Ligand code: ITT
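What follows is the structure, encoded as structure tokens:
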């Protein structure tokens with residue numbers, strides 16, 4: 005069995021391959037369909053973008069397709085970068101540049117005089133934040149969607165911790181676990197993270 009995931013993000017591919025692997029399902033991603041055009045992500049919500057990616061790719065392939073739209077909402081930045089998380093640092097954005105931009109923006113908005121919370125090693129927690137993941141599975145034969153969402157609350161740290169995960173994980177302190185997201189194993193991130201939550205909910209809906 006295989007599932008097509010409409011993503012070109014290698015970090016997402018690794019996490020879906022791990023999770024679906026537990027079910028004996030193989031993941032095929034957009035790296036396996038290099039000729040397919042990129043979907044323009046112009047929606048205003050994660051759910052809207054996930055539906056758009058799933059539908060366009062599913063119609064092009066004539067197969068059911070799963071899409072993930074996700075990102076980071078930072079309280080001190082009014083919820084930014086949100087749906088712009090992937091392109092936060094502009095043209096040629098990389099995870100590294102996005103993380104640099106995030107720390108730059110937080111340095112600009114930091115409230116002088118207000119002492120930020122610190123971890124025992126001196127790391128400052130700069131703002132509350134949450135990761136959000138919207139999943140959409142579109143079946144082109146039936147013309148129907150199955151959808152779910154997951155999120156995880158935490159804080160943005162002033163310096164990176166851990167070398168796991170991808171994207172903004174090195175700067176994300178998971179409030180409930182008292183650990184950095186990039187310090188978690190794949191299993192832990194799947195159990196606690198936004199993508200794992202969203203996937204568990206989608207599979208429950210589909211009764212997989
Ligand atoms: P696809 O659209 O091809 O799936 P993308 O990277 O453009 O890939 P998004 O538009 O959903 O994906 O943007 C999500 C961004 O949010 C991504 O670039 C990461 O920087 C960040 N992000 C999403 N999930 C994350 C996670 O689990 N850990 C860290 N950062 C994450």
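Residue numbers (the UniProt record's numbering): 5 to 212.
The beta carbon of each residue, even a glycine, is placed where N, CA and C say it ideally should be.
In this text the structure is predicted, and so the values were computed from the model without any measurement.
Residue selection by CB proximity (closer than 5 Å to any heavy atom of ligand 1) returns 11, 12, 13, 73, 74, 75, 89, 90, 171, 172 and 173 in chain order. Looking only at 8, 171 and 125, the smallest Cα-Cα distance to residue 40 is reached by 8.
Its chain contains 188, 192 and 196 as the residues whose beta carbon lies nearer than 8 Å to that of residue 181, once the 5 sequence neighbours on both sides are disregarded; these appear in chain order. As a beta-bridge residue in DSSP terms, residue 160 pairs with 131 and 176. Comparing alpha carbon positions, the residue from 46, 10, 6 and 43 closest to residue 29 is 6.
Its chain contains 90 and 91 as the residues whose beta carbon lies nearer than 7 Å to that of residue 97, once the 5 sequence neighbours on both sides are disregarded; these appear in chain order. Residue 14 counts as exposed, since fewer than 16 other beta carbons sit within 10 angstroms of its beta carbon.
Taking the Cα positions, residue 150 is about 17 Å away from residue 20. Under DSSP, residue 142 shares a beta bridge with 69 and 149.
Closest by C-alpha distance to residue 64, out of 45, 34, 124 and 53, is 34. For residue 6, the three-state secondary structure derived from DSSP is strand.
Judged by DSSP in its simplified three-state form, residue 44 adopts coil rather than helix or strand.
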